[in-house]
Amino acid sequence: MFTKMPISPRVIVTGGLGVLGRSVGAELTARGARVALVDRALQLDVAGIEVVVGGVDLGDAASAAAAFSQVAERLGGIDAIVNVAGGFAWETLEGGSVETWDRLYTMNLRTAVIACHEVLPYLLRQPTGRIVNIGALAAQKAGAGMGAYAASKAGVARLTESLAEELKDRGITVNAVLPSILDTPANRADMPDADVTRWVTTQSLSGVIAFLLSDDARAITGASLPVAGRM
Numbered sequence: 000m001f002t003k004m005p006i007s008p009r010v011i012v013t014g015g016l017g018v019l020g021r022s023v024g025a026e027l028t029a030r031g032a033r034v035a036l037v038d039r040a041l042q043l044d045v046a047g048i049e050v051v052v053g054g055v056d057l058g059d060a061a062s063a064a065a066a067f068s069q070v071a072e073r074l075g076g077i078d079a080i081v082n083v084a085g086g087f088a089w090e091t092l093e094g095g096s097v098e099t100w101d102r103l104y105t106m107n108l109r110t111a112v113i114a115c116h117e118v119l120p121y122l123l124r125q126p127t128g129r130i131v132n133i134g135a136l137a138a139q140k141a142g143a144g145m146g147a148y149a150a151s152k153a154g155v156a157r158l159t160e161s162l163a164e165e166l167k168d169r170g171i172t173v174n175a176v177l178p179s180i181l182d183t184p185a186n187r188a189d190m191p192d193a194d195v196t197r198w199v200t201t202q203s204l205s206g207v208i209a210f211l212l213s214d215d216a217r218a219i220t221g222a223s224l225p226v227a228g229r230m
């Protein structure tokens with residue numbers, strides 16, 4: 000059996016108090032990382048997690064900067080970030096509103112841009128760094144009602160590619176994972192008749208993220224990696 004590979008030692012997980020964020024935090028902690036969960040929610044204690052910073056508006060640069068400064072002080076630095084923060088909405092263009100496009104842009108792309116911008120000074124102080132963004136398989140081909148979500152996640156893919164080029168000679172890799180449907184309580188409630196065995200578990204996606212944070216992935220940058228299960 001393969002042993003779990005070591006990963007970047009001090010990692011921020013944005014959106015860390017959601018279902019996926021908690022799963023990522025638990026997986027990274029199990030692999031020996033010191034993890035900080037950063038989230039808008041106010042919960043300040045999660046079993047097994049060293050640092051939790053709540054009440055953070057990741058769509059606001061000053062709020063994110065203050066949170067990351069607190070994390071760096073408590074962990075002694077930052078080596079990597081996983082940008083889980085985001086959201087979803089399904090609506091057709093005809094039946095929906097332009098405001099939904101603005102909201103998903105803020106939730107999915109603006110938060111990733113701000114988090115990357117504010118964490119860079121800390122990563123650049125280290126010999127190496129890792130950034131992993133959460134995209135979506137829908138960014139490659141959007142279905143009906145997925146326009147706003149897919150467009151915002153396509154922006155995450157372009158951010159990932161551009162930033163990877165900017166940082167490729169500075170020791171920092173930048174990659175994204177593109178999950179299909181995640182097996183979460185919310186998705187099960189929304190799709191009660193679906194075959195959930197075809198979906199991607201949060202544990203599986205967390206394992207892929209952990210690999211991208213590891214030294215074994217040092218030659219991978221600018222990639223958008225589909226994690227589709229059997230969809």
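Residue numbers for the sequence shown follow numbering that gives the first Met the number 0, beginning at 0 and rising by one.
C-beta: ideal position from N, C-alpha, C; glycine also.
All values reported here derive from a predicted model rather than from experimental measurement.
Would you please state the rounded distance, in angstroms, between the beta carbons of V199 and V155? I believe it to be under 8 Å. No, V199 and V155 are not in contact; Cβ-Cβ is about 17 Å, not under 8 Å.
For C301, which option in S151, G75, T159 and A88 has the closest C-alpha, if you only look at C-alpha atoms? Summary: the structure shown does not reach residue 301, with the chain confined to residues 0 through 230, and so no result is reported for it.
Return helix, strand or coil for R102, following the three-state DSSP convention. helix
Taking the continuous alpha helix (DSSP H) assigned at R231, which residues delimit it? With the chain represented from 0 up to 230, any question about residue 231 goes unanswered, as that position is not in the structure.
Could you check whether L103 and S151 sit closer than 8 Å to each other, using their CB atoms as the reference points? yes
Could you tell me the boundaries of the alpha helix (DSSP H) in which V18 lies? V18 to A29
Kindly identify the DSSP beta-bridge partner or partners of S223. A175
Start and end of the beta strand (DSSP E) containing G128? G128 to I133
Could you have a look at T200 and say whether DSSP puts it in helix, strand or coil? strand
Where M0 and S62 are concerned, what is the direct C-alpha to C-alpha distance, given to the nearest angstrom? Because M0 sits at a pLDDT of 32, beneath the cut-off of 50, its placement in the model cannot be relied upon, and the point is left open.
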